[in-house]
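Protein chains in written order, with the working numbering: chain A, -17 to 296; chain B, -17 to 296.
There are 2 protein chains.
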Amino acid sequence: MTVSTSPSYAVGIDFGGTSIKPALVQGKNVLTHGTTINPQGRSAEDTLSAMEEGIRALCRELPSLVPVGIGLPGFVDSVQGIVHGLSNVAGWTEVPVSKILSERLKVPVILENDANAMAYGEWLYGAAAQTRNAVCITLGTGVGGALILEGQLYRGSQLAAGELGHTSIDMNGEPGPYGNKGCLEAYVGNHPISTRALKAYATAGIQAPTPECTPLDLATAAHKGCAVAHNIWETIGNELGAAFANVVWILNPDIIVVGGGVAKAGDLLFPHIERSLRSRTSSVINSQLRIVPAALGNDAGAVGCAALALASVR
Amino acid sequence: MTVSTSPSYAVGIDFGGTSIKPALVQGKNVLTHGTTINPQGRSAEDTLSAMEEGIRALCRELPSLVPVGIGLPGFVDSVQGIVHGLSNVAGWTEVPVSKILSERLKVPVILENDANAMAYGEWLYGAAAQTRNAVCITLGTGVGGALILEGQLYRGSQLAAGELGHTSIDMNGEPGPYGNKGCLEAYVGNHPISTRALKAYATAGIQAPTPECTPLDLATAAHKGCAVAHNIWETIGNELGAAFANVVWILNPDIIVVGGGVAKAGDLLFPHIERSLRSRTSSVINSQLRIVPAALGNDAGAVGCAALALASVR
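Below, the structure written as structure tokens:
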């Protein structure tokens, strides 16, 4: 394997369900975004070829190709560099992505679960910089999470750790996808939020702000003073605080970083998370703990992957 | 500090609320138990002197004194070797135990939280041997826990990690000591078990096996075929399984080791824990996970402390 002549550069690829976004990264900065690739409706082989081309294009002005890190949504063996399966993309069963791309490109290619990649980015350069123990959660359609413990990405025995979205806030509550009753994602995922909001508006006899009532719509409504929307954010904050309290009792972290679309509710949400969490934990733990929004935004995944790729060759 | 001439020996001290038990340990074996010391009603200074004497007595037939590890129930700074405070013993506020005893004995003296010490013993020589990621829980009057992650004792940012007893199984449930509603200990600690059992017998119109209805009494009753007692063990197993599921989603460990008095219920309890836990987690995680009783019994703490003391001088 050729050692890169530009070790501070790397390609970070955020592999999403509908768009694959390659980026040339240096430290915390995305220098150039490559052409976005849509993985839907094409074979893994086809997509890999498009990715190879995209990586070559990004490195065109560098003396040589640079290490590549790819963050993917699904079950990924980051040690062997194999994709076992992806959440929303068909045809990616047992694909040895690292081997295929590194043989073609002659540079190291590492894979990582997307939540882990984002967490690593936030820990190295973002909201969790300078911390030892960080818990990261991403709130969206799904609720994902990742852990940095003692300054290392902690992946667990089957590389399946950090699944905060599947922890339970009520052992007899709403079932999640694995029969796990009280599953956090069944309360604070995008769809349950909308469903519950539409119900709350109906109960209150008030018209919902939009027919979809997305978290963004609910934030807009709350900013305009809608009490129903405010109550929903309080409920979500209370539930997130309860889930975080469990993580905090188990891991006693320095920081909880909250990212994803729902986190953009900002001040509508975070004070309720804080109140709930601190009412459920001890002062020894509370005195040092910070709960903060993610800092790197949409670039966190690419930046994290690129950093992991560079770390793998050091 | 003198380097011990017998590095494979160490003194392990299990410091309990009513008895301090020093032991001379070699590997997983307790060679000799020293005289038990009662810390109640005496000053910390007095108790430290008695401990010093006990350590010297245990090492009398060795060429020299050996490293000492002490496991204590409470808030302990294992890095600085300071006891901030003990759960059930007065007079132990901000006591620099390591400094005091190591200056007198001229050997390294390390401190550890008792749950951590037991977990380390179980991980090195007991039920969790040969695992990478182990979660340990102790069921008694209190419900404590400890984590071994990637082959290291994980203590958390304020050395307060692993408190499984304070995690919640119901965000609106029974309050725990920190206002943490649904606190596991408020369901499966010795006292709540007895209280709930007495209520269940009263509701069933059946006389309780004893007026106290301790977990041991309930195990005896269940072994005799009492359906009320069987139901209680099923409820406890279901609750423990729910709490363990949260830990498993977060940490994806290899093993959960269950120790303490309540764990002695054995087959009355473990199948219910298994069923509950596996119904709440995914097959990827379940396929490898083991839930087992602790193996070292009452010696786990002393063995773990002794091993930590030896590890500190390597």
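For glycine and all other residues, C-beta sits at the position ideal for the given N, C-alpha and C.
Q: Assign Ala276(A) to one of three DSSP states: helix, strand, or coil.
A: coil
Q.
Determine, for Arg262(A), whether the minimum Cβ-Cβ distance to residues of chain B falls below 8 Å.
A. yes
Q: Give a yes or no on whether 8 Å exceeds the smallest Cβ distance from Tyr136(B) to chain A.
A: yes
Q) Alpha carbon to alpha carbon, what distance is there between Met153(B) and Glu156(A)? A) Spanning the two alpha carbons is a distance of roughly 13 Å.
Q | Below-8 Å beta-carbon distance, Ala227(A) vs any chain B residue | A | yes
Q) Considering only residues of the stretch 90 to 176 of chain A, which uninterrupted beta strand (DSSP E) runs meet the minimum length of 3 residues and lie entirely inside it, listed in chain order? A) DSSP runs (the beta strand (DSSP E)) wholly in the stretch 90 to 176 of chain A: 91 to 95, 116 to 121, 125 to 131 and 134 to 136.
Q.
Taking CB distances under 8 Å as the criterion, tell me whether Asn162(A) reaches chain D.
A. The question asks about chain D, but that chain is absent: this structure's protein chains are A and B.
Q) How many angstroms separate the CA atom of Gly242(B) from the CA atom of Ala26(A)? A) 51 Å
Q | Alpha-carbon to alpha-carbon, Ser80(A) and Val91(A) | A | Take the alpha-carbon of Val91(A) and the one of Ser80(A): they are about 5 Å apart.
Q) Which same chain residues, not among the five before or five after Ala5(A), have their C-beta less than 6 Å away from its C-beta? A) Gly(-6), Val12, His15 and Ala284
Q.
Rounded to whole angstroms, what is the Cα-Cα separation between Ala72(B) and Asn280(A)?
A. 53 Å
Q | Nearest-angstrom Cα separation, counted from Gly103(B) out to Arg114(B) | A | 14 Å
Q: May I ask you to list the residues that DSSP assigns as paired with Val(-9)(A)?
A: Reading the sequence as shown, one finds Tyr at residue -9(A) and not Val. According to DSSP, Tyr(-9)(A) bridges with Gln8(A).
Q) Of all the alpha helix (DSSP H) runs that stay within the bounds of the stretch 229 to 295 of chain A, which reach a length of 4 or more residues? A) 252 to 261, 265 to 268 and 282 to 294
Q) What separation, rounded to the nearest whole angstrom, lies between the Cα atoms of Thr192(B) and Thr123(B)? A) Straight-line Cα distance between these residues: approximately 18 Å.
Q: Please name the residue, chosen from Leu135(A), Thr120(A), Gly9(A) and Ser139(A), that lies closest to His148(A) on a Cα-to-Cα basis.
A: Thr120(A)
Q) Apart from the five residues on each side of it in sequence, which residues of its chain come closer than 6 Å, Cβ to Cβ, to Val229(A)? A) Val117
Q: Could you pull the start and end residues of the alpha helix (DSSP H) that Ile37(A) belongs to?
A: Ala26 to Leu40
Q: Can you tell me the Cβ-Cβ gap for Ala182(B) and Val210(B), rounded? I've got them flagged as a contact below 8 Å.
A: The pair is a contact, with the Cβ atoms about 5 Å apart (cut-off 8 Å).
Q. Looking at C-alpha atoms only, which residue of Ala110(A), Thr217(A), Gly219(A) and Gly36(A) is the closest neighbour of Asp236(A)?
A. Sorting Ala110(A), Thr217(A), Gly219(A) and Gly36(A) by C-alpha distance to the C-alpha of Asp236(A) places Ala110(A) at the top.
Q: Please list the residues of the stretch 98 to 125 of chain B that have a C-beta atom closer than 9 Å to any C-beta atom in chain A, keeping them in chain order.
A: Thr113, Arg114, Asn115 and Val117
Q | Spatial distance of Trp231(A) from Gly207(A) (CA atoms) | A | 35 Å
(Q) Measuring straight from C-alpha to C-alpha, what distance separates Pro159(B) and Ile151(A)? (A) 18 Å
Q: Could you check the C-alpha separation between Pro21(B) and Asn95(B) for me, to the nearest Å?
A: 17 Å
**Q.** Rounded straight-line distance, which links the Cα of Gly161(B) to that of Ala327(A)
**A.** The displayed coordinates of chain A run from -17 to 296. Any statement about residue 327(A) would go beyond what the structure contains.
**Q.** As assigned by DSSP and simplified to three states, the class of Ile218(A)
**A.** DSSP places Ile218(A) in helix when its eight states are reduced to three.
Q. Excluding five sequence neighbours on each side, which residues of the same chain lie with their C-beta closer than 8 Å to the C-beta of Leu40(B)?
A. The residues Val(-7), Pro4, Ala5, Leu6, Thr14 and Gly16, in chain order, have a CB closer than 8 Å to that of Leu40(B) in the same chain once the five nearest residues on each side in sequence are set aside.
Q | Under the three-state DSSP convention, the category Gly223(B) falls into | A | Assigned with DSSP and collapsed to three states, Gly223(B) falls in helix.
Q) Measuring from the CB of Ala5(A), is there a heavy atom of the ligand MN at a distance below 7 Å? A) The ligand MN is absent from the structure shown, which contains no ligand whatsoever.
Q. By the 10 Å Cβ neighbour count, where 16 or more other Cβ atoms means buried, how is Ser(-14)(B) classified, buried or exposed?
A. Any reading at Ser(-14)(B) needs caution, since the residue's pLDDT is 45, under 50, leaving its predicted position unreliable; the model's value is listed next. Burial call: buried.
Q: List the endpoints of the continuous beta strand (DSSP E) containing Val65(B).
A: DSSP places Val65(B) inside the beta strand (DSSP E), whose first and last residues are Ile64 to Leu68.
Q. In or out: Arg262(A) buried (at least 16 other Cβ within 10 Å) or exposed?
A. buried
Q) How big is the Cα-Cα spacing for Pro275(B) and Val240(B)? A) 5 Å
Q | Touch test, the stretch 163 to 178 of chain B against the stretch 128 to 137 of chain B, Cβ-Cβ under 8 Å, three pairs minimum | A | no
Q: Can you give me the Cβ contacts of Ala32(A) inside the same chain, cut-off strictly under 6 Å, excluding the 5 residues immediately before and after it?
A: Contacts found: Ile19.
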